[in-house]
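In what follows, a structure is listed as structure tokens, so that the remarks can point back to it.
Right under this line is the structure:
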């Protein structure tokens, strides 16, 4: 990563981006003075206060988004303290992890925050990963029979499978290897990540070719998908990763920064304006290379 890009990502005005950069791009440990100081700055920021307020709201999806925000920033349950433990276990009790199509992403965020140590989280992850299908993906969980008739065979849902890819990648990054890694990676590499297996020029969903952020159960951008495959050891010189980087570089500006192509109307946290250069997309893009 060029110094100019790195210095931009490490600006004090965005301590949430800075912390993630220090920890996952520069691989500094939590004991490093720069990490300690950045965490202090983030925990005292208005950005953090807004997320903490969202965590304490009564609606489960507000809690879900707050958990996602903390995970994306590189914080852990130890950094946040008892506030998050009470809310996380309350959310699990209230939902049994079943956040419509969002369970795998919730599990990924809990792993990232340090909850894999909890037996209830480990058991749920094991139970969900055991549902992988022969094609290496995970099937749609919709109860709408027009979409997902249980009497008929169904191919895996790529949107749902992307969430599992992110979960398994996060486990791998934390030194936890799962049996489904190879099959899950093959599910994406056989289609050059984004495309229909019967038409390798047509994306399964257009959103996969953009840089949608923050990740959402229905919409996840190329930067998160390619980063997860890189984390799982997919070689950069493979056809799939070459295509992934080519797609990402379509959103690269001459100054080396990447743009945000789309976001939710109310994202989990403020990430910047659509159509403009974006620190989060730039960070993920450089972490894939």
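In my numbering, the protein residues as written are 2 to 290.
Yeah, the Cβ is synthetic: ideal placement off N, Cα and C, and Gly gets one too.
- [ ] Might you give, ordered along the chain, the residues of its own chain that have their beta carbon closer than 8 Å to the beta carbon of residue 196, omitting 5 neighbours on each side?
- [x] 202, 203, 204, 205
Task: residue 278 - DSSP class collapsed to helix/strand/coil - done: strand
Task: Own chain residues within Cβ distance below 6 Å of residue 157, not counting five before or after - done: 134, 136, 138, 139, 140
Open item on the list: Going by C-alpha to C-alpha distance, which of 91, 109, 143, 128 sits closest to residue 75?
Closed with: 109
Open item on the list: Could you pull the DSSP bridge partners for residue 200 from this structure?
Closed with: 197
Task: Residue interval of the alpha helix (DSSP H) (run including residue 89) - done: 83 to 96 is the span of the alpha helix (DSSP H), which, as asked, contains residue 89.
Open item on the list: Tell me the DSSP secondary structure of residue 259 in three-state form.
Closed with: Residue 259 falls in the strand class under three-state DSSP.
TODO: Return the chain-ordered ranges of every alpha helix (DSSP H) run that is complete within the segment 180 to 256 and spans a minimum of 4 residues.
DONE: 182 to 190, 223 to 232, 240 to 250
Open item on the list: Does the contact criterion of 3 or more C-beta pairs under 8 Å hold for the segment 258 to 268 versus the segment 209 to 220?
Closed with: yes
Task: residue 64 versus residue 91 - alpha carbon distance - done: 10 Å
- [ ] Pull up the distance between the alpha-carbon of residue 16 and that of residue 8, whole angstroms please.
- [x] 13 Å
Open item on the list: Helix, strand or coil for residue 1? Go by DSSP, reduced to three states.
Closed with: This structure leaves residue 1 out entirely; the chain is present only between 2 and 290.
Task: Per-residue burial, residue 252 [other beta carbons within 10 Å of its own, 16 or more giving buried] - done: buried
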